[in-house]
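Quick note, the sequences are listed as chains A and B, same order. First residue of the first sequence? That's 1334 in our numbering, and the numbers climb one at a time after it. First residue of the second sequence? That's 1334 in our numbering, and the numbers climb one at a time after it. See below for the structure under consideration.
Number of protein chains: 2
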Amino acid sequence: MSEQGGFTASARHRDIPEASVARLPVYLRALSGLADAGHVTVSSEGLATAAGVNSAKVRKDLSHLGSYGTRGVGYEVDELVHHISNALGLTQRWSVVLVGVGNLGHALAGYAGFASRGFRIAGLVDADPARVGERVAGLTVRSIDELAEVVTTGGVSIGVIATPAGAAQVVCDQLVAAGVTSILNFAPTVLQVPDGVELRKVDLAVELQILSFHEHRKSVSGAVGA
Amino acid sequence: MSEQGGFTASARHRDIPEASVARLPVYLRALSGLADAGHVTVSSEGLATAAGVNSAKVRKDLSHLGSYGTRGVGYEVDELVHHISNALGLTQRWSVVLVGVGNLGHALAGYAGFASRGFRIAGLVDADPARVGERVAGLTVRSIDELAEVVTTGGVSIGVIATPAGAAQVVCDQLVAAGVTSILNFAPTVLQVPDGVELRKVDLAVELQILSFHEHRKSVSGAVGA
DNA sequence: CCGACTTTGTGAATGCGTTCACGAACGCGT
DNA sequence: ACGCGTTCGTGAACGCATTCACAAAGTCGG
Chain A
1334 MSEQGGFTAS ARHRDIPEAS VARLPVYLRA LSGLADAGHV TVSSEGLATA
1384 AGVNSAKVRK DLSHLGSYGT RGVGYEVDEL VHHISNALGL TQRWSVVLVG
1434 VGNLGHALAG YAGFASRGFR IAGLVDADPA RVGERVAGLT VRSIDELAEV
1484 VTTGGVSIGV IATPAGAAQV VCDQLVAAGV TSILNFAPTV LQVPDGVELR
1534 KVDLAVELQI LSFHEHRKSV SGAVGA
Chain B
1334 MSEQGGFTAS ARHRDIPEAS VARLPVYLRA LSGLADAGHV TVSSEGLATA
1384 AGVNSAKVRK DLSHLGSYGT RGVGYEVDEL VHHISNALGL TQRWSVVLVG
1434 VGNLGHALAG YAGFASRGFR IAGLVDADPA RVGERVAGLT VRSIDELAEV
1484 VTTGGVSIGV IATPAGAAQV VCDQLVAAGV TSILNFAPTV LQVPDGVELR
1534 KVDLAVELQI LSFHEHRKSV SGAVGA
């Protein structure tokens, strides 16, 4: 009754299931490909194929954003890109600080996908004095002591940790203290963060061990079956 | 009746839920830390804290491997490490081929976690002739044309893709054709694999966009709430 | 040897995510 | 204008994962 039109769209945002959120970036990439290939519209089936999921999932996921499809036709590619970008908050530019400029840090700093989706690297930071001053990906590596300053003056809300495991929790605490509210951890260790700080982790060793499990499973059941 | 004792343990392996499998490597790392700290036994509560989960989950997960705890005491650290390693197939040495020796490929090749858990890099491969012959992490980069040979002679069952997105599907197909049955994909693209081939992906851009979503959510609800 | 205490292992309950299946809505050809 | 074929949006059913809560099983001090 007293609900405003503008609020309906906002309410949509509020509770998109995590699982759906995790797929939206994949749809976004698939849509870019489709747009490049000249597609103006795409059906849930077509997008599903491009994104490697099934069409029911696509429709359910997109329904959380609103009703932007046309029955009998599909979704307009450009429009969908726009709505997904909106939902993900990609219309604004997020600033990122990258801590740890070792092998992996170099690779991350040079990753083109950063800039292409509106993420700006506001600073590179390392604890090793020998690395401070070095130029990487067009930026000068600064001391870890300047972390708080980089975060504050750079308007940084996202921190990426690419340090050795031993340093990760300290760095994490410093990031949180400086006001960072989202952290992406590449260090092979479990981090503790206070409520309200979003933490995600990428762990190569874990991924390999999961693959190992499946390989092992195959070889065991294969031996029994043969 | 006709069930053999040996089969009971095997049967345990057979159906560990995916979600549990994904946590076992984390427990393993936590246990290493606990062992280094001198702990001989650990309770589900203690392990849960170290692994960043809750104790009920730990007990449920470990129950899939068998009954290796002692009520009133907890789990013996060494023994648990052994059983988890067994379940994950880490008692045997897996050979890995890494395709794409760019920035990320370098970082991956130099990653210590590879060797520490029994993964052997059987070969580095790249399509760029300028890179072939280069020495990285103690290995000589070989041509992509030699991929099949590297896989066959190296006994490789796991492939890691660290190429640009455009090359990833071709490389993936070549890996599968050469006999690789597990693939870890770092390229920002969706890959198609036949049944029976395990595929996992690590995608920096996706992770950042998920964080972006949560940042966006916070800033929106924060504005409304204030 | 026994009773108090601790901690596991697991059925039961709950919650979340995926899939199914179909009514509603739209474009298009005639 | 109208019916046909297509595709969305979504309630309902299902299955997997997490959490709860407690009996069973062990340790340990006295």
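Virtual Cβ for every residue (Gly too), placed ideally from N, Cα, C.
>> Please report the straight-line C-alpha distance between VAL1493(A) and ILE1516(A), rounded to a whole angstrom.
In response: As a first step, residue 1493(A) must be located in the first sequence, where it is residue number 160. As a first step, residue 1516(A) must be located in the first sequence, where it is residue number 183. Taken atom to atom, the span from the alpha-carbon of VAL1493(A) to that of ILE1516(A) is near 6 Å.
> What is the DSSP secondary structure of ALA1511(B), reduced to helix, strand or coil?
Replying inline: In the second sequence, counting from the first residue as 1, residue 1511(B) sits at position 178. Of the three classes helix, strand and coil, the one that applies to ALA1511(B) here is helix, per DSSP.
>> One question on the structure: do LEU1541(B) and ARG1450(A) come within less than 8 Å of each other, judged by their Cβ atoms?
In response: By 1-based counting over the second sequence, the position of residue 1541(B) is 208. By 1-based counting over the first sequence, the position of residue 1450(A) is 117. Taking 8 Å as the Cβ cut-off, LEU1541(B) and ARG1450(A) qualify as a contacting pair.
> What do you reckon, are the CB atoms on VAL1432(B) and VAL1504(B) nearer than 8 Å?
Replying inline: As a first step, residue 1432(B) must be located in the second sequence, where it is residue number 99. As a first step, residue 1504(B) must be located in the second sequence, where it is residue number 171. Their beta carbons are under 8 Å apart, which means VAL1432(B) touches VAL1504(B) by this criterion.
> Given a limit of 9 Å on CB to CB distance, which residues of the stretch 1427-1444 of chain A reach chain B?
Replying inline: Against chain B - using a Cβ distance shorter than 9 Å - the residues of the stretch 1427-1444 of chain A are TRP1427, VAL1429, GLY1435, ASN1436, LEU1437, GLY1438, HIS1439, ALA1440, LEU1441, ALA1442, GLY1443, TYR1444.
> What residues in its chain sit with their C-beta under 7 Å from that of VAL1509(A), if we drop five residues either side in the sequence?
Replying inline: For the purposes of this step, residue 1509(A) is taken as the residue at position 176 of the first sequence. Cβ within range, chain order: VAL1526, PRO1527, VAL1530.
> What three-state label does DSSP hand ASN1518(B) in the structure shown?
Replying inline: Start at 1 with the first residue of the second sequence, and residue 1518(B) comes out as number 185. DSSP places ASN1518(B) within a strand segment (E or B) once states are collapsed to three.
>> DSSP three-state label for ARG1468(A), please.
In response: For the purposes of this step, residue 1468(A) is taken as the residue at position 135 of the first sequence. Note: ARG1468(A) maps to strand in three-state DSSP.
> Roughly how many whole angstroms lie between the Cα atoms of ASN1518(B) and GLY1405(B)?
Replying inline: Along the second sequence, one-based indexing puts residue 1518(B) at 185. Along the second sequence, one-based indexing puts residue 1405(B) at 72. Distance between the alpha carbons of ASN1518(B) and GLY1405(B) is about 44 Å.
> When DSSP labels each residue in this structure, what does GLY1594(A) get in the three-state scheme?
Replying inline: Absent from the model: residue 1594(A). The displayed extent of chain A is 1334 to 1559, so no value can be given.
> According to the neighbour-count rule (16 or more other Cβ atoms, all chains shown, within 10 Å of its Cβ), is GLU1351(B) buried or exposed?
Replying inline: Here residue 1351(B) refers to the residue found at position 18 when the second sequence is read from its first residue. With fewer than 16 Cβ atoms within 10 Å of its Cβ, GLU1351(B) is classed as exposed.
>> So, with DSSP's three-state summary, where would you put LEU1441(B)?
In response: Here the question's residue 1441(B) lines up with position 108 in the second sequence. The answer is helix: DSSP assigns LEU1441(B) an H, G or I state.
> Buried or exposed: which applies to GLU1336(B), given that a residue is buried once 16 or more other Cβ atoms fall within 10 Å of its Cβ?
Replying inline: Translated into positions along the second sequence, residue 1336(B) becomes position 3. Residue placement at GLU1336(B) is poorly supported in this model, since its pLDDT is 36, which falls under 50; the coordinates are not used for a value here.
> Going by beta carbon distance, what residues of the same chain come within less than 6 Å of PRO1497(A), once the five residues before and after it are set aside?
Replying inline: Locating residue 1497(A) in the first sequence gives position 164, where the first residue counts as 1. Counting only residues of its own chain and dropping the five nearest sequence neighbours on each side, PRO1497(A) has no CB closer than 6 Å to any other CB.
> Helix, strand or coil for LEU1380(A) per DSSP?
Replying inline: Residue mapping note: residue 1380(A) aligns to position 47 of the first sequence, counting from 1. If DSSP states are grouped into helix, strand and coil, LEU1380(A) belongs with the helices.
> If you scan the stretch 1365-1427 of chain B from start to end, which runs of the beta strand (DSSP E) of 3 or more residues do you find wholly inside it?
Replying inline: With a minimum length of 3 residues, the continuous beta strand (DSSP E) runs that stay inside the stretch 1365-1427 of chain B are 1407-1409.
> What are the start and end residues of the alpha helix (DSSP H) that includes LEU1532(A)?
Replying inline: Here residue 1532(A) refers to the residue found at position 199 of the first sequence. Counting along the chain, no alpha helix (DSSP H) covers LEU1532(A); the unbroken beta strand (DSSP E) around it starts and ends at 1531-1534.
>> In the DSSP assignment, the alpha helix (DSSP H) including VAL1484(A) goes from what residue to what residue?
In response: Taking the first sequence and counting its residues from 1, the one referred to as residue 1484(A) is at position 151. Element bounds for VAL1484(A): 1480-1487.
>> Within 8 Å of any Cβ in chain A, is that where the Cβ of ALA1352(B) sits?
In response: By 1-based counting over the second sequence, the position of residue 1352(B) is 19. Closer than 8 Å: no.
> Alpha carbon to alpha carbon, what distance is there between ARG1356(A) and VAL1642(B)?
Replying inline: No statement about residue 1642(B) is possible, as the shown extent of chain B runs from 1334 to 1559 and does not include it.
> Does DSSP put GLY1435(A) in a helix, in a strand, or in coil?
Replying inline: In the first sequence, residue 1435(A) corresponds to position 102, counting from 1. In the three-state scheme derived from DSSP, where H, G and I count as helix and E and B as strand, GLY1435(A) is classed as coil.
> If you run the structure through DSSP and keep just helix, strand and coil, what is ARG1362(A)?
Replying inline: Along the first sequence, read from residue 1 onward, the residue named residue 1362(A) stands at position 29. When DSSP states are grouped into helix, strand and coil, ARG1362(A) belongs to the helix group.
> Residues of chain B with CB under 8 Å from GLN1542(A), in chain order?
Replying inline: Residue 1542(A) sits at position 209 when you count from the first residue of the first sequence. By Cβ distance, chain B contributes LEU1357, PRO1358, LEU1361, LEU1421, LEU1423, ARG1450.
> Would you report the Cα separation of ASP1461(A) and ARG1475(A), rounded to the nearest angstrom?
Replying inline: Taking the first sequence and counting its residues from 1, the one referred to as residue 1461(A) is at position 128. Taking the first sequence and counting its residues from 1, the one referred to as residue 1475(A) is at position 142. When rounded, the distance between both Cα atoms is 10 Å.
>> Applying the 10 Å Cβ sphere with the 16-neighbour rule, what's the burial state of THR1522(B)?
In response: Indexing the second sequence from 1 puts residue 1522(B) at position 189. Of the other Cβ atoms in all chains shown, 16 or more fall within 10 Å of the Cβ of THR1522(B); this residue is therefore buried.
>> With DSSP as the reference, identify every bridge partner of SER1449(B), one or two as the case may be.
In response: Working through the second sequence from its first residue, we reach residue 1449(B) at position 116. None, per the DSSP bridge assignment.
> Between GLY1647(A) and chain B, is there a C-beta pair that is closer than 8 Å?
Replying inline: Missing from the structure shown is residue 1647(A); chain A here goes from 1334 to 1559 and no further.
>> Check whether the stretch 1432-1447 of chain B and the stretch 1463-1483 of chain B are in contact - that is, three or more C-beta pairs closer than 8 Å.
In response: A contact between stretches requires three or more CB pairs, one per stretch, nearer than 8 Å, and the stretch 1432-1447 of chain B meets this requirement with the stretch 1463-1483 of chain B.
> Closer than 8 Å, CB to CB, is ARG1533(B) near chain A or not?
Replying inline: Position 200 of the second sequence holds residue 1533(B). Cβ-Cβ to chain A under 8 Å: yes for ARG1533(B).
> Do SER1396(A) and SER1388(A) have their C-beta atoms closer together than 8 Å?
Replying inline: For the purposes of this step, residue 1396(A) is identified with residue 63 of the first sequence, where counting begins at 1. For the purposes of this step, residue 1388(A) is identified with residue 55 of the first sequence, where counting begins at 1. No, these two residues do not count as a Cβ contact at 8 Å.
> Cβ of PRO1527(A) less than 8 Å from any chain B Cβ?
Replying inline: Position 194 of the first sequence, counted from the first residue, corresponds to residue 1527(A). Not closer than 8 Å to any Cβ of chain B, the Cβ of PRO1527(A) fails to qualify, so no.
>> Please report the distance separating the alpha-carbon of THR1473(A) from that of ALA1440(A).
In response: Numbered from its first residue, the first sequence carries residue 1473(A) at position 140. Numbered from its first residue, the first sequence carries residue 1440(A) at position 107. Distance between the alpha carbons of THR1473(A) and ALA1440(A): 15 Å.
>> Please list, in chain order, the chain A residues whose beta carbon lies closer than 8 Å to that of GLU1548(B).
In response: The residue you call residue 1548(B) lines up with position 215 of the second sequence. Contact of GLU1548(B) with chain A by beta-carbon distance below 8 Å involves GLY1422, TRP1427, SER1490, ILE1491, THR1514, SER1515, GLU1531.
> Could one say the Cβ of GLY1405(A) lies closer than 8 Å to chain B's Cβ atoms, at least one of them?
Replying inline: Translated into positions along the first sequence, residue 1405(A) becomes position 72. For GLY1405(A), the answer is no, since every Cβ of chain B falls outside 8 Å of its Cβ.
>> I need the straight-line Cα distance from ALA1470(B) to TYR1444(B), nearest angstrom please.
In response: Within the second sequence, the letter at position 137 stands for residue 1470(B). Within the second sequence, the letter at position 111 stands for residue 1444(B). In this structure, the CA atom of ALA1470(B) is about 9 Å from the CA atom of TYR1444(B).
>> Quick check on this structure: which residue in ALA1384(A), ALA1368(A), PHE1447(A), HIS1416(A) has the alpha carbon closest to the alpha carbon of ARG1426(A)?
In response: For the purposes of this step, residue 1426(A) is identified with residue 93 of the first sequence, where counting begins at 1. Looking at the Cα atoms, PHE1447(A) is the closest of the given residues.
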